[in-house]
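Visitor:
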Amino acid sequence: MSAESANDSKWIAQLKEGDRLTFANIFNLYGKELYEFASRTIYTKEDCEEIVQDVFVSLWERREELEIDSLRAYLFTSVKYKVIRYIKHLAVRRKYEEHYRHFESNYIAPVEP
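In structure tokens, the structure reads:
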């Protein structure tokens, strides 16, 4: 068992017990790196921060049921899938905005004073 695996096993056990200090240590260790990973695809600071925050909130909320071997792999995979969902959501939003602009320009009469 590698040192990282041993640390992960220890930290996961402590997380399952609700250890907030362990959670803070995990955030301090991985938070910035996860943000930088998200920012390679998403260019707004706020959206990257929100994605990382969502991943850590999920980690805390699901801590009792975690069955993972590598915290690093789990966190990076979680961020990757959050980024993918963000991009899909953005594409759908843009599509509806485009439909609305088309509808507005073709079917809504200007208001006359």
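The working numbering applies: residue 1178 is where the sequence shown begins, and numbers increase by one.
Ideal placement from N, C-alpha and C gives every residue a C-beta, glycine not left out.
1. Can you tell me where the alpha helix (DSSP H) with T1199 in it begins and where it stops?
2. Pairs of beta-carbons, one from the segment 1251-1263 and one from the segment 1229-1241, closer than 8 Å: are there three or more?
3. Take the Cβ of I1219 as the centre, count every other Cβ of all protein chains shown within 10 Å, and call the residue buried at 16 or more, exposed below.
4. Check each candidate in L1206, I1264, L1192 and E1275 and name the one with the smallest Cα separation from D1217.
5. Applying the criterion that 16 or more other CB atoms from any shown protein chain within 10 Å of the CB defines a buried residue, is L1198 buried or exposed?
6. What separation, rounded to the nearest whole angstrom, lies between the Cα atoms of Y1212 and S1282?
7. In terms of residues, what are the limits of the alpha helix (DSSP H) holding I1228?
8. Buried or exposed, going by whether 16 or more other CB atoms sit within 10 Å of the CB of A1201?
9. Would you mind working out which of E1210, E1223, T1221 and A1190 sits nearest R1239, comparing C-alpha positions?
Guide: Well, looking at it:
1. Residues R1197 to S1216.
2. yes
3. buried
4. Looking at the sequence provided, one finds Arg at residue 1217 rather than Asp. Comparing Cα-Cα distances from R1217 to each of L1206, I1264, L1192 and E1275, the minimum goes to I1264.
5. L1198 is exposed by the Cβ-count criterion.
6. Each residue's Cα considered, the two are about 39 Å apart.
7. K1222 to E1238
8. exposed
9. A1190
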